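Chemist: Note that the protein sequences, when read in sequence, are chains X and A. For the first sequence, this note's numbering assigns the number 1 to the initial residue and increments by one for each residue that follows. For the second sequence, this note's numbering assigns the number 1 to the initial residue and increments by one for each residue that follows. Here's a structure for you.
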Amino acid sequence: MSSLNQVLITENQPIGSQAFLLKFKRTFTFKPGQIIGITTQKDIAPRLYSICSGSDDSTISILYTVKEDGVITPKLSELKISDTIWITEPQGKFTNKGEPAWWIATGTGIAPFYSMMQSGQKPLKLIHGGRTIADLYFHQQFKAFSDYIKCCSQDSGEGIFAGRLTSYLDGFDTLPQNLNYYLCGSAEMVVDVRNLLIKKGVEYHQIITEIYF
Amino acid sequence: MNKLTLFGKTLAELKDICTQLGLPGFAGKQIAQWLYQKEVVSIIEMTNLSFKSRELLDQKYEVGLQPPINVQVSTDGTKKYLFNAKGGNFIETALMPDNDRKTVCVSSQVGCKMGCLFCMTARQGFQSNLTAGEILNQYRSIPEWAEITNLVYMGMGEPFDNIDEVLKSLEILTSDWGYALSPKRITVSTIGIIPGMKTFLEKSNCHLAVSMHTPFEDERKKLMPIEQVYSLEEVIKHISAFDFGLQRRVSFEYIMFKDVNDTPRHVKELTRLLNGLRCRINLIRFHPIPDSPLQGSDDETIINFRDTLNRKGILTTLRASRGQDIYAACGLLSTKELVKKQERDY
Numbered sequence: 001m002s003s004l005n006q007v008l009i010t011e012n013q014p015i016g017s018q019a020f021l022l023k024f025k026r027t028f029t030f031k032p033g034q035i036i037g038i039t040t041q042k043d044i045a046p047r048l049y050s051i052c053s054g055s056d057d058s059t060i061s062i063l064y065t066v067k068e069d070g071v072i073t074p075k076l077s078e079l080k081i082s083d084t085i086w087i088t089e090p091q092g093k094f095t096n097k098g099e100p101a102w103w104i105a106t107g108t109g110i111a112p113f114y115s116m117m118q119s120g121q122k123p124l125k126l127i128h129g130g131r132t133i134a135d136l137y138f139h140q141q142f143k144a145f146s147d148y149i150k151c152c153s154q155d156s157g158e159g160i161f162a163g164r165l166t167s168y169l170d171g172f173d174t175l176p177q178n179l180n181y182y183l184c185g186s187a188e189m190v191v192d193v194r195n196l197l198i199k200k201g202v203e204y205h206q207i208i209t210e211i212y213f
Numbered sequence: 001m002n003k004l005t006l007f008g009k010t011l012a013e014l015k016d017i018c019t020q021l022g023l024p025g026f027a028g029k030q031i032a033q034w035l036y037q038k039e040v041v042s043i044i045e046m047t048n049l050s051f052k053s054r055e056l057l058d059q060k061y062e063v064g065l066q067p068p069i070n071v072q073v074s075t076d077g078t079k080k081y082l083f084n085a086k087g088g089n090f091i092e093t094a095l096m097p098d099n100d101r102k103t104v105c106v107s108s109q110v111g112c113k114m115g116c117l118f119c120m121t122a123r124q125g126f127q128s129n130l131t132a133g134e135i136l137n138q139y140r141s142i143p144e145w146a147e148i149t150n151l152v153y154m155g156m157g158e159p160f161d162n163i164d165e166v167l168k169s170l171e172i173l174t175s176d177w178g179y180a181l182s183p184k185r186i187t188v189s190t191i192g193i194i195p196g197m198k199t200f201l202e203k204s205n206c207h208l209a210v211s212m213h214t215p216f217e218d219e220r221k222k223l224m225p226i227e228q229v230y231s232l233e234e235v236i237k238h239i240s241a242f243d244f245g246l247q248r249r250v251s252f253e254y255i256m257f258k259d260v261n262d263t264p265r266h267v268k269e270l271t272r273l274l275n276g277l278r279c280r281i282n283l284i285r286f287h288p289i290p291d292s293p294l295q296g297s298d299d300e301t302i303i304n305f306r307d308t309l310n311r312k313g314i315l316t317t318l319r320a321s322r323g324q325d326i327y328a329a330c331g332l333l334s335t336k337e338l339v340k341k342q343e344r345d346y
């Protein structure tokens with residue numbers, strides 16, 4: 001882990017059903033899809049979060065949900081404007097080189113893809129899963145994509161695929177072979193989707209995964 | 001009211017408990033000896049504590065050992081134990097006898113977050129971290145525990161994603177007041193979570209094993225998502241900078257996948273990458289898991305791979321496959337038990 005730098009929070013707002021969007025001034029360059037370590041105290045080991053903002057934005061945004069038994073997120077959620085946190089340098093290689101791709105995400109796993117979108121990248125298809133529409137963070141902004149699929153396991157309505165994103169994918173007899181599949185979310189989702197893609201004929205080396213731990 | 005568990009507490013934690021209950025300070029060490037050096041299973045058996053002290057302890061605490069709920073026995077003598085874990089989940093422990101050596105392979109988490117392509121545990125996702133007591137229970141509660149010569153943290157879960165509890169369990173295993181095992185008989189395996197690995201190297205003297213599986217970044221990313229975050233190159237840089245001394249060992253685990261990581265190109269890159277590092281490579285045969293796109297290399301390829309690396313000065317061994325008839329690879333048994341119960345949120 002790289003050394004820690006102190007930054008001032010400029011915003012820390014609830015978003016969607018259970019997440020927060022934390023912002024602070026950008027003082028470094030990064031590639032969309034990268035992560036940084038964040039801690040509320042220098043003597044607590046930082047936890048890793050995907051950067052959610054665009055690479056040219058003046059602020060860095062972090063999308064997080066509060067884990068009741070977590071060390072960092074309960075404290076993060078209580079922070080106000082001008083409070084300080086400690087951050088590491090950006091790291092990580094879950095970056096898109098501009099090749100044709102489908103992006104697949106659930107929960108806060110949407111963050112790296114939002115960063116990519118805000119940086120001018122777009123996928124051939126974005127498949128976004130959650131329990132309800134309120135769990136699909138930034139879904140209004142993603143409407144700009146020509147092929148944006150919203151999958152809700154416990155919600156329905158116009159423009160929503162009523163079911164899990166694995167059910168949506170399972171509806172394809174075959175899947176495109178000449179592109180990469182970027183997956184981000186919980187380990188369960190990533191592993192389930194990866195297995196499904198492989199069953200549908202996608203080569204495992206076309207699947208690029210980021211797992212939250 | 002459910003009682004709290006004493007088993008798995010460090011000496012410092014036991015002393016804290018004694019202070020809170022108004023017991024004398026030396027009682028902490030006495031309890032540690034009862035828990036880890038004398039084979040008691042209940043507080044009432046701790047007879048050098050006063051009756052009043054035992055009563056006070058018993059109101060709130062229990063020893064807390066949990067026997068396995070199932071065992072499978074392989075034709076080669078390997079045994080696979082299944083234990084209950086929190087939330088109706090299960091963990092697995094393997095016992096591998098080999099001549100005068102008996103190695104127990106313990107789990108450190110229920111499930112795993114790391115999502116490695118070749119791992120069955122990954123398919124059940126992550127349920128919870130194990131406490132130090134739950135980790136040590138896998139050692140202490142199997143019938144053969146007194147005969148165990150070696151422990152490896154290579155079961156379900158990533159030990160350095162649960163570093164605090166893993167370190168506590170290692171402290172209990174290796175301390176004079178605990179099981180007093182030599183740290184040279186214990187190996188902890190990681191996929192390369194660097195912060196946890198650094199803490200482990202500084203705070204423990206046990207051996208380190210790193211799951212490598214390919215020396216190439218692009219290939220490793222596809223097999224092991226952790227490569228996106230902590231690259232093998234960085235892991236090796238940290239290991240190279242650490243003084244392991246003469247006794248402590250670092251090894252690299254390398255599962256052999258047919259036509260994926262078993263070519264001369266891989267031998268060449270392994271030789272370059274590990275040049276000058278005092279280490280060994282453990283080659284492991286891959287036994288396919290259901291619906292896996294990966295296949296195991298054939299024996300001739302594996303043996304050639306091993307011999308070529310040895311000729312190039314990289315100490316390389318081939319791990320004997322154990323317990324194939326009972327699916328001894330981690331995760332197979334508990335995943336089968338779990339998979340039908342799971343609900344998904346997406």
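Beta carbons: idealized from backbone N, C-alpha and C, even for Gly. No experiment lies behind these values; they were computed from the predicted model shown.
(1) Would you kindly check if the distance between the Cβ of Leu183/X and the Cβ of Val193/X is under 7 Å?
(2) Any C-beta of chain A within less than 7 Å: which residues of the region 44-73 of chain X qualify?
(3) Would you verify that the beta carbon of Ile236/A is, or is not, closer than 7 Å to some beta carbon of chain X?
(4) Which residue spans inside the region 216-293 of chain A form an unbroken alpha helix (DSSP H) run of at least 4?
(5) Among Thr190/A, Leu294/A and His207/A, which residue has its Cα nearest to the Cα of Leu232/A?
(6) Starting from the C-beta of Asp147/X, find all residues in its chain whose C-beta is less than 6 Å away, skip the five residues before and the five after it, and write them out in chain order.
(7) Could you tell me if Glu211/A is buried or exposed, where buried requires 16 or more neighbouring beta carbons within 10 angstroms of its beta carbon?
(8) Give the secondary structure of Ser53/A by DSSP, where H, G and I count as helix, E and B as strand, and everything else as coil.
(9) Along the chain, where does the beta strand (DSSP E) that runs through Val7/X open and close?
(10) Closest to Ile207/X by CA distance: which of Gln6/X, Thr95/X, Arg164/X and Leu4/X is it?
(11) Can you have a look at Phe172/X and say buried or exposed, based on whether 16 or more other CB atoms are within 10 angstroms of its CB?
(12) For Met258/X, tell me which candidate among Glu210/X, Ile211/X, Val202/X and Gly54/X has the shortest Cα-Cα distance.
(13) Counting only beta-carbon separations shorter than 7 Å, does Gly125/A have a partner in chain X?
(14) Would you say Ile240/X reaches chain A, if we count a Cβ-Cβ gap shorter than 7 Å as a contact?
(15) For the region 289-304 of chain A, which residues have a CB atom closer than 7 Å to at least one CB atom of chain D, in sequence order?
(16) Please check the pair Pro159/A and Ser128/A, which I expect to be a contact at CB under 8 Å, by giving their CB distance rounded to whole angstroms.
(17) I want to verify the contact list: residues of chain A whose CB lies under 9 Å from the CB of Val7/X, in sequence order.
(18) Assuming contact is defined by CB atoms lying nearer than 7 Å, are Pro46/X and Ile38/X in contact in what I supplied?
(19) Which word fits Asn89/A, buried or exposed, when buried means at least 16 other C-beta atoms lie within 10 angstroms of its C-beta?
(20) Is Ala122/A close to chain X, meaning its C-beta is less than 7 Å from at least one C-beta of that chain?
(21) Taking CB distances under 7 Å as the criterion, tell me whether Pro225/A reaches chain X.
(22) Give the single residue among Lys198/A, Met156/A and Asn261/A whose Cα lies nearest to the Cα of Ser240/A.
(23) Going by the beta-carbon positions, is the gap between Ile35/X and Gly70/X smaller than 7 Å?
(24) Using the C-alpha atoms, what's the distance from Tyr137/X back to Phe242/A?
(25) Would you say Glu11/X reaches chain A, if we count a Cβ-Cβ gap shorter than 7 Å as a contact?
(26) If we count Cβ pairs, one from each stretch, closer than 8 Å, do we get three or more for the region 299-311 of chain A versus the region 277-287 of chain A?
(27) Let me check you understand the geometry: is the CB of Val190/X closer than 6 Å to at least one non-hydrogen atom of the ligand NAD?
(28) Taking the straight line between their C-alpha atoms, what separation do you get for Gln138/A and Val188/A?
(29) Using a Cβ cut-off of 8 Å, pull out every chain A residue sitting near Gly92/X, in sequence order please.
(30) Mapping DSSP to helix, strand and coil, what is Glu210/X?
(31) Give me the residue from Asn275/A, Asp291/A, Thr308/A and Tyr230/A with the minimum Cα distance to Pro264/A.
(32) Which residues does DSSP list as the beta-bridge partners of Phe26/A?
(33) Quick one: what does DSSP say Ala180/A is sitting in, helix, strand or coil?
(34) Counting only Cβ pairs nearer than 8 Å, list the residues of chain A close to Ile35/X.
(35) Restricting to Cα atoms, I'd like to know which of Glu203/X, Cys151/X, Ser167/X and His139/X is closest to Arg131/X.
(36) For chain X, find out if any of its Cβ atoms is closer than 7 Å to the Cβ of Pro195/A; answer yes or no.
Modeler: The short version:
(1) Here residue 193/X refers to the residue found at position 193 of the first sequence. Here residue 183/X refers to the residue found at position 183 of the first sequence. Closer than 7 Å, so yes.
(2) Along the region 44-73 of chain X, the positions whose C-beta sits under 7 Å from a C-beta of chain A are Ala45 and Leu48, read in chain order.
(3) Counted from its first residue, the second sequence places residue 236/A at position 236. With 7 Å as the cut-off, Ile236/A does not count as an interface residue toward chain X.
(4) If we require 4 residues or more, the alpha helix (DSSP H) runs fully inside the region 216-293 of chain A come out as 217-223, 232-241 and 264-273.
(5) By 1-based counting over the second sequence, the position of residue 232/A is 232. Comparing Cα positions, the closest option is Thr190/A.
(6) Taking the first sequence and counting its residues from 1, one reaches residue 147/X at position 147. For Asp147/X, where only same-chain residues beyond five positions count, the Cβ hits under 6 Å are Lys125.
(7) Here the question's residue 211/A lines up with position 211 in the second sequence. It is worth fixing the name first, because residue 211/A is Ser in this sequence and not Glu. Around the C-beta of Ser211/A, 16 or more other C-beta atoms lie within 10 Å, and the residue is accordingly described as buried.
(8) Along the second sequence, one-based indexing puts residue 53/A at 53. Helix at Ser53/A.
(9) Sequence index remark: in the first sequence, residue 7/X carries index 7 (1-based). Unbroken beta strand (DSSP E) run through Val7/X: Asn5 to Ile15.
(10) By 1-based counting over the first sequence, the position of residue 207/X is 207. Taking only the C-alpha atoms, the option nearest Ile207/X is Thr95/X.
(11) For the purposes of this step, residue 172/X is identified with residue 172 of the first sequence, where counting begins at 1. Counting C-beta atoms within 10 angstroms of its own C-beta, Phe172/X has fewer than 16 neighbours from the protein chains shown and is therefore classed as exposed.
(12) Since the first residue shown for chain X is 1 and the last is 213, residue 258/X is missing from the structure and cannot be characterised.
(13) Your numbering for residue 125/A matches position 125 in the second sequence. Closer than 7 Å to some Cβ of chain X, the Cβ of Gly125/A qualifies, so yes.
(14) Any question about residue 240/X goes unanswered here, given that chain X covers just 1 to 213.
(15) The structure shown contains no chain D; its protein chains are X and A.
(16) Counting from one through the second sequence, the residue named residue 159/A turns up at place 159. Counting from one through the second sequence, the residue named residue 128/A turns up at place 128. Actually they do not touch by this definition, with Cβ atoms about 14 Å apart.
(17) Stepping through the first sequence from its first residue, residue 7/X is reached at position 7. Ordered by position in chain A, no residue passes the 9 Å Cβ test against Val7/X, which lies about 20 Å from the chain.
(18) As a first step, residue 46/X must be located in the first sequence, where it is residue number 46. As a first step, residue 38/X must be located in the first sequence, where it is residue number 38. A contact, by the Cβ cut-off of 7 Å.
(19) Along the second sequence, one-based indexing puts residue 89/A at 89. The residue in question, Asn89/A, is buried, as its Cβ has 16 or more Cβ neighbours within 10 Å.
(20) Taking the first residue of the second sequence as position 1, residue 122/A is located at position 122. Yes, Ala122/A counts as interfacial toward chain X.
(21) Counting from 1 along the second sequence, the entry for residue 225/A is found at position 225. Yes, Pro225/A counts as interfacial toward chain X.
(22) Residue 240/A sits at position 240 when you count from the first residue of the second sequence. For the residues Lys198/A, Met156/A and Asn261/A, the minimum Cα distance to Ser240/A belongs to Lys198/A.
(23) Here the question's residue 35/X lines up with position 35 in the first sequence. Here the question's residue 70/X lines up with position 70 in the first sequence. It is not a contact, given that the beta carbons lie outside the stated cut-off.
(24) By 1-based counting over the second sequence, the position of residue 242/A is 242. By 1-based counting over the first sequence, the position of residue 137/X is 137. Roughly 43 Å between the two C-alpha positions.
(25) Numbered from 1 along the first sequence, position 11 holds the residue referred to as residue 11/X. No, Glu11/X does not count as interfacial toward chain A.
(26) Under the 8 Å Cβ criterion, the region 299-311 of chain A counts as touching the region 277-287 of chain A, having at least three qualifying pairs.
(27) Inclusion of the ligand NAD in the displayed structure is not the case, the ligand content being empty and no account of it being possible.
(28) In the second sequence, the residue the question calls residue 138/A occupies position 138. In the second sequence, the residue the question calls residue 188/A occupies position 188. Linking Gln138/A to Val188/A through their CA atoms gives a straight-line distance of about 15 Å.
(29) Residue numbering aside, residue 92/X sits at position 92 when the first sequence is read from its first letter. By Cβ distance, chain A contributes Gln228 and Val229.
(30) Taking the first sequence and counting its residues from 1, the one referred to as residue 210/X is at position 210. Here Glu210/X sits in strand by DSSP.
(31) Locating residue 264/A in the second sequence gives position 264, where the first residue counts as 1. Taking only the C-alpha atoms, the option nearest Pro264/A is Thr308/A.
(32) What you label residue 26/A is simply residue 26 of the second sequence in a count that begins at 1. Answer is none; Phe26/A lacks a bridge partner.
(33) Within the second sequence, numbered from 1, the residue matching residue 180/A stands at position 180. Three-state DSSP puts Ala180/A in coil, outside helix and strand.
(34) Numbered from its first residue, the first sequence carries residue 35/X at position 35. The answer, in chain order, is Val229.
(35) Position 131 of the first sequence, counting from 1, holds the residue named residue 131/X. Of Glu203/X, Cys151/X, Ser167/X and His139/X, the residue nearest in Cα terms is Cys151/X.
(36) As a working note, residue 195/A is residue 195 in the second sequence. Judged by the 7 Å Cβ criterion, Pro195/A is in contact with chain X.
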